[in-house]
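Protein chains in written order, with the numbering used here: chain A, 1 to 132; chain R, 1001 to 1293.
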């Protein structure tokens, strides 16, 4: 009888473990959901940046002028505080040591997750190169 | 009483298992999502860098190797800009030594309506007509993908210079009988030649088949077009023999750029011909009247 009236050590331990597990899971689920959102944003930002590079590749080299302009893409609205720039500049002499006719294109997309997130794509477009 | 206590534990364990399964699957999905998107993003950076490498190599035809490094973007590319192919055996930088057969000039797969262009004369010469380079009476031609369902036919135009004028000879080669008949020459294709990856082989100028006497002197260029194919299929030309003048002139360049970002690598390969005649050449050179563009 005395055995049945009390709570055994095993039973209380089990309860502690179960409650611990449940608390851990509940705590990690919001975190996981946030990670899923973040990965969606990374993919979207990448799509936007790739599109910008492809747009620049369709331009003839002689019409490619050095400038830095904000990205005009409606999908930026889907990113929290999304914005970005696409910059065209002459290839720096340290990279193009032979004075090649090459422009460097840098696309940067920023958005606000917990902290500021950035994706940067860099490529080059040369005179007489791909698509030219 | 004892029975009831046991049930509580059972139910607890059940609930715990279900909750654990749900929780773990959510965590698992978020982890795999984030790793996929990171890798795809890295892959984009690597691809952009590889393209940058190609652009740089195109702007510097004499550079053997070149590289691009976007250090602040953690991406870069190394480019191998091989010398002109097919190289002449025994020349510097050529794997084949003197006295061996020249390797084939393999084109990237030809799509519908695309024309492959092979120089047989030295296209760098400044005289007109260009200096003759390949002088053998025969030439091996390979075409077709052995795995392809659509069996490609081949149209060949050989342009040569003889007795003060440019002349041409044509071959129309097919590997199956079409209906309605196209009257092409039937070639038996075994798809198992010393040059792997080709369905058909024809030796031009070996006296077998229709109008296939020894190749004339003054060979200038060979143009090839695949017919009846809906997919892109390969095409190659190989010089016959090992003598000093049995080689095709080196004429194409293969640029391979490998872009790297993080653990991802992307490779871009470019096949460049130094000089080609325009697309309308086939129709223009043999026309009686003027060409209006």
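Note that CB positions come from ideal geometry on N, CA and C, so glycine has one too.
query: So the alpha helix (DSSP H) residue 57 (chain A) belongs to, where does it begin and stop?; result: 9-57
query: Which of the three DSSP states is assigned to residue 1068 (chain R) in this structure?; result: strand
query: Can at least three beta-carbon pairs, one atom from the segment 1046-1062 of chain R and one from the segment 1265-1283 of chain R, be found at a separation below 8 Å?; result: yes
query: Helix, strand or coil, according to DSSP, for residue 77 (chain A) in the structure here?; result: helix
query: Quick one: Cα of residue 1150 (chain R) to Cα of residue 1036 (chain R), how far?; result: 37 Å
query: Within the 8 Å Cβ cut-off, does residue 7 (chain A) reach chain R?; result: no
query: In the DSSP output, which residue or residues are listed as bridge partners for residue 120 (chain A)?; result: A:108
query: Nearest CA to the CA of residue 1125 (chain R): which residue from R:1109, R:1275 and R:1281?; result: R:1275
query: CB residue 1066 (chain R) to CB residue 1057 (chain R), shorter than 8 Å?; result: yes
query: Flag residue 1075 (chain R) as yes if its beta-carbon sits less than 8 Å from any beta-carbon of chain A, otherwise no.; result: yes
query: Could you tell me which residues DSSP puts in a beta bridge with residue 125 (chain A)?; result: A:103
query: Given a cut-off of 8 Å on the beta-carbon distance, is the pair residue 1222 (chain R) and residue 1118 (chain R) in contact?; result: yes
query: Beta-carbon of residue 59 (chain A) versus every beta-carbon of chain R: anything under 8 Å?; result: no
query: So, with DSSP's three-state summary, where would you put residue 1235 (chain R)?; result: strand
query: Our contact map puts residue 26 (chain A) next to residue 1033 (chain R) with C-beta atoms below 8 Å; I'd like the distance itself, whole angstroms only.; result: Not confirmed; about 20 Å, so no contact.
query: Quick one, which of R:1073, R:1240 and R:1084 has its alpha-carbon nearest residue 1270 (chain R)'s?; result: R:1084
query: Between the Cα of residue 1215 (chain R) and the Cα atoms of R:1244, R:1157, R:1236 and R:1227, which residue gives the shortest distance?; result: R:1157
query: Per DSSP, what kind of secondary structure is residue 1018 (chain R) in: helix, strand or coil?; result: helix
query: Only counting runs of 3 or more residues, tell me where the beta strand (DSSP E) segments fall wholly within the segment 1027-1099 of chain R, in order along the chain.; result: 1065-1070 and 1075-1081
query: Got a sec: which bits of the segment 116-129 of chain A sit with their beta carbon under 9 Å from any beta carbon on chain R, in order along the chain?; result: 119, 120, 121, 122, 123, 124, 125, 126, 127, 128 and 129
query: Using the Cβ count rule (16 or more neighbours within 10 Å means buried), how would you classify residue 74 (chain A)?; result: exposed
query: Under 7 Å between beta-carbons, which chain R residues line up against residue 100 (chain A)? List them in chain order, please.; result: 1056, 1059 and 1060
query: Excluding the 5 residues preceding and the 5 following residue 1093 (chain R) in the sequence, name in chain order all residues of the same chain whose CB lies nearer than 7 Å to its CB.; result: 1083 and 1087
query: Under three-state DSSP, which class holds residue 1165 (chain R)?; result: strand
query: Helix, strand or coil, according to DSSP, for residue 1271 (chain R) in the structure here?; result: strand
query: Beta-carbon within less than 6 Å of residue 1203 (chain R)'s beta-carbon, same chain only, minus the 5 sequence neighbours each way: which residues are those?; result: 1138 and 1140
query: Given a cut-off of 8 Å, decide if residue 84 (chain A) and residue 50 (chain A) are closer than it, judged by their beta-carbon atoms.; result: no
query: For chain R, check one thing: does any of its Cβ atoms lie closer than 8 Å to the Cβ of residue 88 (chain A)?; result: no
query: For residue 100 (chain A), count neighbouring Cβ atoms within 10 angstroms of its own Cβ and tell me buried if that reaches 16, exposed if not.; result: buried
query: Measure the alpha-carbon distance for residue 39 (chain A) versus residue 1038 (chain R) and round it to whole angstroms.; result: 8 Å
query: Looking only at its own chain, which residues have a Cβ that is under 6 Å from the Cβ of residue 1238 (chain R), when we skip the five neighbours before and after it?; result: 1104 and 1140
query: Over what stretch of residues does the beta strand (DSSP E) that includes residue 84 (chain A) continue unbroken?; result: 83-90
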